[in-house]
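These protein sequence lines map, in sequence, to chains A and B. Note that numbering that gives the first Met the number 0 has the first sequence beginning at 0, numbered continuously upward. Note that numbering that gives the first Met the number 0 has the second sequence beginning at 0, numbered continuously upward. Quick notes on the structure that follows.
There are 2 protein chains.
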Amino acid sequence: MRQSKLFTKTAKETPKDEVSINAQLLIRAGFIDKLMAGVYTYLPLGLRSLEKIKKIVREEMNQLGGQEILMPALTPKEIWEVTGRWDKIDVAFKLDGDGGKQYSLGSTHEEVVTPLVKKFVKSYKDLPVAVYQIQDKFRNEPRAKSGLLRGREFSMKDLYSFHKDEEDFSDFYEKSKQAYLNIFEKCGLNAVIAEADGGVFTDKYSHEFQVFTENGEDIIFSCETCGLHRNSEIVKEEKCPQCGGGMVKNKAIEVGNIFPLETRFSDAFGFSYLDKDGKEQPVLMGCYGIGPSRVMGSIVEVNHDEKGIIWPESVAPYSVHLVSLCKESADIKKADELYETLTKQGVEVLYDDREGATAGQKFADSDLVGLPKRVVISPKTLAEDSVEIKERSSDKVEIIKIKELNSRLF
Amino acid sequence: MRQSKLFTKTAKETPKDEVSINAQLLIRAGFIDKLMAGVYTYLPLGLRSLEKIKKIVREEMNQLGGQEILMPALTPKEIWEVTGRWDKIDVAFKLDGDGGKQYSLGSTHEEVVTPLVKKFVKSYKDLPVAVYQIQDKFRNEPRAKSGLLRGREFSMKDLYSFHKDEEDFSDFYEKSKQAYLNIFEKCGLNAVIAEADGGVFTDKYSHEFQVFTENGEDIIFSCETCGLHRNSEIVKEEKCPQCGGGMVKNKAIEVGNIFPLETRFSDAFGFSYLDKDGKEQPVLMGCYGIGPSRVMGSIVEVNHDEKGIIWPESVAPYSVHLVSLCKESADIKKADELYETLTKQGVEVLYDDREGATAGQKFADSDLVGLPKRVVISPKTLAEDSVEIKERSSDKVEIIKIKELNSRLF
């Protein structure tokens with residue numbers, strides 16, 4: 000992408016109405032734009048990162064056996080009355096349709112997915128089933144001050160699993176933990192699994208995936224001896240319930256969670272199956288959530304410095320920032336050629352070909368945008384058929400021949 | 000995909016609450032599920048087709064110079080008051096937030112995109128700009144009886160263009176017509192461009208892309224001599240205004256539309272630019288819509304027979320339906336191998352490996368689902384190292400050697 004064609008621009012000033020690091024940097028770097036509290040537009044650079052995160056999530060969900068669907072955001076009151084949750088979900092947006100109809104904007108989708116899967120599952124032979132979607136969810140959050148970490152409209156991957164017995168459920172639940180850890184690792188996030196309250200649906204714990212950072216809203220107690228992590232909500236005393244060791248507390252961002260739902264929703268919708276003996280049995284369910292937009296915000300919270308964002312390669316909008324300091328048309332032609340050659344080879348390049356900007360502005364913008372590798376091409380480097388290469392996460396600058404560039408970018 | 004693992008099933012019965020062909024067939028074939036009038040879930044097969052349509056749209060929009068963004072569905076009342084449209088859009092869903100705040104669910108996005116692009120465009124050097132998104136829109140349609148043709152929540156691609164003068168606008172507008180025709184052609188739809196009312200924004204015509212079919216909601220007058228098409232809304236007499244020839248009228252589905260917006264929105268938001276002489280000038284705008292979900296419904300309306308859907312290759316969820324009639328484990332192994340070989344070669348195969356279904360059920364399902372090619376493998380064909388191959392759109396059945404299959408599938 001030629002930066003001269005990109006319609007967004009970076010901003011020097013920190014937006015006054017944002018207190019979170021992720022929103023400040025993502026807005027300044029031209030990744031997102033704020034429409035109102037907790038509601039953002041994804042600009043071209045931001046959408047590319049968001050889509051890369053979704054792709055990683057999708058791959059792991061498919062690997063886990065999940066089948067992708069897409070449920071509506073607009074849901075009728077009737078389905079929420081079946082489970083008694085119409086008045087129970089504080090953050091649900093409600094709206095009126097024609098003829099006295101009432102709708103809720105999907106804040107979660109158990110009430111849609113359970114009767115849906117019920118239509119197709121009759122026998123034990125039809126189980127297990129795992130379906131997921133990646134879709135925008137809506138929650139009327141009272142405090143939406145954390146940028147992409149707590150949105151009123153946000154991207155969510157929600158998977159729901161359906162099982163014939165506890166053993167099958169547990170097996171899938173454990174596998175989902177590994178899939179989640181894979182996702183966060185691929186996104187460059189170091190997440191741990193923390194036990195948390197199971198809510199009203201189960202006596203078991205639910206499990207949260209937490210990334211430690213000073214800007215986190217959650218408090219996690221971690222055992223220094225055995226490595227157990229627990230959300231402070233369920234910590235009764237500051238000793239490890241597993242080994243008796245001492246626990247330390249740290250702030251963290253919850254980037255995902257998984258819940259055993261038992262038969263809470265299948266019972267409500269009368270969703271049972273026939274076992275081998277033709278006997279009706281309750282279907283066991285689990286739900287598994289990750290917010291790709293929250294993951295994006297978390298990546299920025301833990302990967303930045305005073306100059307800007309430091310994107311992990313896997314989720315960077317482009318992997319190379321080709322910065323041209325060329326002014327003469329012969330040099331510009333060489334820079335253009337390098338851009339086109341790299342792009343044809345499949346390297347994702349953002350090409351700073353802007354004529355008006357100074358070298359200082361271009362370097363500052365490059366640090367702010369935070370692509371993994373910066374390649375500078377200038378009259379000076381071209382005199383030696385070279386470019387300057389630098390990783391965003393390092394201070395080391397190298398001069399290498401243009402023909403050697405390939406081996407450094409793949 | 001192994002059909003035995005697909006959680007959806009086909010249905011013999013036509014859903015009683017659907018009058019449109021597209022909804023009836025898509026529901027019976029397991030592509031979509033109805034949550035309420037005008038609101039559907041996309042099941043695994045349906046989502047694959049929808050994504051293929053979106054991909055075609057995206058390619059053409061990028062080719063046209065469009066930059067993809069993603070705007071929110073939740074929009075604040077204030078931006079609609081700027082243009083005076085808060086109370087003007089009948090189909091807008093409105094909802095209440097905290098502290099007396101009011102929101103509208105995006106039914107169109109001029110009020111979001113205009114102030115957004117204004118933030119980045121100051122000079123004639125920053126123009127033209129074209130941005131688009133593919134996103135779910137919400138409209139409280141009073142009559143949502145046409146399946147995917149008229150949804151209350153539906154997929155929409157909306158592009159907005161910004162120009163420094165009439166010439167630049169016209170140039171882009173004409174190019175967009177070709178991009179749209181390319182999209183419909185790639186989707187297997189034979190669309191024509193019809194002149195239509197420009198609405199309150201312009202004295203010019205807007206342009207609709209219309210697909211002729213008996214089930215269309217629009218009436219189009221077409222000149223048999225010069226090929227001019229006009230929406231009946233603006234036809235004053237039944238003679239061609241271009242050549243005086245006779246016009247015939249036919250029903251059609253509007254699958255896309257493009258509008259000159261003139262300065263209607265840039266004026267409202269005070270969006271001007273500085274020209275070469277440093278003088279403020281108004282920005283000219285255009286908007287360009289295609290509904291991928293409506294396109295999907297339209298494809299089914301014009302491509303089906305009494306047995307089911309007939310998908311064009313480009314938008315079929317899979318290109319081959321491999322139907323196995325094998326019962327013995329040695330034969331099943333060969334069928335499995337063929338499935339795996341084809342899949343590894345990049346052929347998109349839906350593999351009917353179901354044990355319980357009869358040959359008759361499998362053939363009926365295959366016709367209903369409507370993938371472009373059906374390949375049958377059975378003890379009879381295996382005895383001659385062959386398979387039976389048939390195109391969904393033809394009655395011709397051929398027996399070919401398995402080793403020759405490749406040349407027929409690529």
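Ideal placement from N, C-alpha and C gives every residue a C-beta, glycine not left out.
Under a criterion of Cβ atoms nearer than 9 Å, the residues of chain A adjacent to residue 40 (chain B) are, in order, 68, 69, 70, 71, 111, 112, 115, 132.
Within the same chain, and ignoring the five residues on either side of residue 389 (chain A) in sequence, the residues whose Cβ sits closer than 6 Å to its Cβ are 373, 396.
From the beta-carbon of residue 6 (chain B), the residues of chain A found nearer than 8 Å are 66, 116, 119, 120, 125, 128, 130. Annotation for residue 195 (chain A): the continuous beta strand (DSSP E) segment containing it runs 190-195.
At a beta-carbon threshold of 9 Å, the residues of chain B lying near residue 43 (chain A) are 66, 67, 68, 130, ordered along the chain. Excluding five sequence positions before and after residue 319 (chain A), the CB atoms of its chain that fall closer than 8 Å to its own CB belong to 341, 346, 347, 348, 349, 370, 371, 372, 373, 374, 408, given in chain order.
At a cut-off of 8 Å between beta carbons, residue 25 (chain B) makes no contact with chain A.
Chain B has a Cβ within less than 8 Å of the Cβ of residue 96 (chain A). Residues of chain B with a Cβ closer than 9 Å to the Cβ of residue 74 (chain A) are, in chain order, 34, 35, 38.
Here the alpha carbon of residue 174 (chain A) sits roughly 26 Å from the alpha carbon of residue 48 (chain A).
DSSP, reduced to helix, strand and coil, places residue 267 (chain A) within a helical segment of the structure shown. Judged by DSSP in its simplified three-state form, residue 248 (chain B) adopts strand. Inclusion of residue 218 (chain B) and residue 248 (chain B) in the CB contact set at 8 Å is warranted, their separation being smaller than that value. Chain A has a Cβ within less than 8 Å of the Cβ of residue 92 (chain B). Listed along chain A are 97, each with a C-beta nearer than 8 Å to that of residue 141 (chain B). Using a C-beta cut-off of 8 Å, the segment 17-33 of chain A makes contact with the segment 280-300 of chain A, since at least three inter-stretch Cβ pairs fall below that distance. Contact annotation: residue 73 (chain B) and residue 137 (chain A) have beta-carbon atoms nearer than 8 Å. Residue 328 (chain B) carries a helical assignment under DSSP once its states are collapsed to helix, strand and coil. Spatial neighbours of residue 264 (chain A) in its own chain (CB-CB distance under 8 Å, excluding positions within 5 residues in sequence) are listed in chain order as 82, 109, 110, 113, 270, 284. The DSSP-derived three-state label of residue 352 (chain B) is coil. The three-state secondary structure of residue 152 (chain A), taken from DSSP, is strand. Less than 8 Å divides the Cβ of residue 130 (chain B) from the Cβ of residue 65 (chain B). Against residue 180 (chain B), chain A offers no close residue; the least beta-carbon distance is about 25 Å (beta-carbon pairs closer than 9 Å). Secondary structure at residue 230 (chain B): strand, using DSSP grouped into helix, strand and coil. Residues of the same chain with a CB within less than 6 Å of the CB of residue 146 (chain B), apart from the 5 flanking positions on each side, are 19, 21, 22, 296 in chain order.
Residue 181 (chain B) carries a helical assignment under DSSP once its states are collapsed to helix, strand and coil. Within chain B, the residues placing a beta-carbon under 7 Å from that of residue 46 (chain A) are 67, 68, 69, ordered along the chain.
At a cut-off of 8 Å between C-beta atoms, residue 135 (chain B) counts as an interface residue with respect to chain A.
Per DSSP, residue 129 (chain B) is one residue of the beta strand (DSSP E) stretching across 128-137. When DSSP assignments are scanned along the segment 27-103 of chain A, the uninterrupted stretches of alpha helix (DSSP H) that are 4 or more residues long and fall wholly within it turn out to be 43-62, 76-81. Sixteen is the threshold: when 16 or more other Cβ atoms of the shown chains lie within 10 Å of the Cβ of residue 230 (chain A), as they do, the residue is buried.
Taking the Cβ atoms as the reference, residue 40 (chain B) lies roughly 6 Å from residue 71 (chain A), within the contact range of under 8 Å.
If you compare the alpha carbons of B:402, B:92, B:324, B:305 with that of residue 379 (chain B), the shortest gap goes to B:324. Residue 167 (chain A) and residue 261 (chain A) have their alpha carbons spaced roughly 12 Å apart. Between residue 3 (chain B) and the set B:351, B:195, B:393, the nearest pair of CA atoms involves B:351. Counting the other Cβ atoms within 10 Å of the Cβ of residue 242 (chain B) gives fewer than 16, which makes it exposed.
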